[in-house]
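Only one structure is covered here, and it is reproduced in the block below.
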Amino acid sequence: MFKKIAISAPVLALAFVSSAAMAAPQTHTVQVVADIPSTDFYVQPVNHDTVAMPQQLLWNATTSKLEGISRDFKAKSAVAAGPAIKATLLDPAVMTAGTEEIQLEVKFNSVALTLGSEVDVVPAGGATTEIIAPLSITPIEPGAGYKEGNYTGNVRVMFDAP
């Protein structure tokens, strides 16, 4: 019996060594990004997840209403004359689920944004030093009320300093 154990131990050790030698190397890719804004003009989310991750509009079962969201942005514009920062919606602000849709009201710094037309969202001299301004997205209840569904949409906003 001792011979079986003595012979088995080296064979077992060889099996461990060969399995370690056969292990496949593992490669990982880590994506890194950086956004370094101009010192003269920028509008950036305070929390990067605001633009990197989907933002959930919550259903309030008590009121049967869809709740909006508000996310803070850092903004700065060295423009001292004229409006410091303008904004416009690049696409219709809407969420859809199949044929159902929910219109969205979008405001920046409490100013309603419109599709394709720039509006002044920060007045002259209003952001010569960095300010924090909210971007709010509020659902507009359809005339027939909210319909069941998994709604998705994108709100695309362009900011500019004239």
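Taken in order, the sequence shown gives residues 0 to 161; the numbers are from numbering that gives the first Met the number 0. In this text, a Cβ means the ideal position worked out from N, Cα and C, and glycines have one as well.
Sequence-distant residues of its chain with Cβ nearer than 8 Å to residue i (five each side left out)
i, result
"Glu129", "Lys73, Ala74, Lys75"
"Asn50", "Looking at the sequence provided, one finds Val at residue 50 rather than Asn. The answer, listed in chain order, is Pro44."
"Ala182", "For residue 182 there is no data in the structure shown, the boundaries of the chain being 0 and 161."
Endpoints, alpha helix (DSSP H) assigned at residue i
i, result
"Thr95", "Thr95 -> not in any alpha helix (DSSP H); beta strand (DSSP E) instead, spanning 93-96."
"Val50", "48-51"
Range covered by the beta strand (DSSP E) that runs through residue i
i, result
"Thr137", "130-139"
Inter-residue spacing [alpha-carbon to alpha-carbon] between residue i and residue j
i, j, result
"Asn46", "Ser69", "12 Å"
"Lys85", "Gln25", "48 Å"
"Thr38", "Pro161", "15 Å"
Counted within 10 angstroms of its Cβ, other Cβ atoms place residue i as buried (16 or more) or exposed
i, result
"Ala143", "exposed"
"Asn149", "exposed"
"Gln53", "A quick correction: the sequence has Pro, not Gln, at residue 53. So Pro53 ends up on the exposed side."
"Leu114", "exposed"
"Leu162", "Limits of the chain in this structure are 0 at one end and 161 at the other, which puts residue 162 out of reach."
"Ile139", "exposed"
Same chain only: Cβ atoms within 7 Å of residue i, ignoring 5 sequence neighbours per side
i, result
"Ile35", "none"
Own chain residues within Cβ distance below 6 Å of residue i, not counting five before or after
i, result
"Ala92", "Leu103, Val105, Val154"
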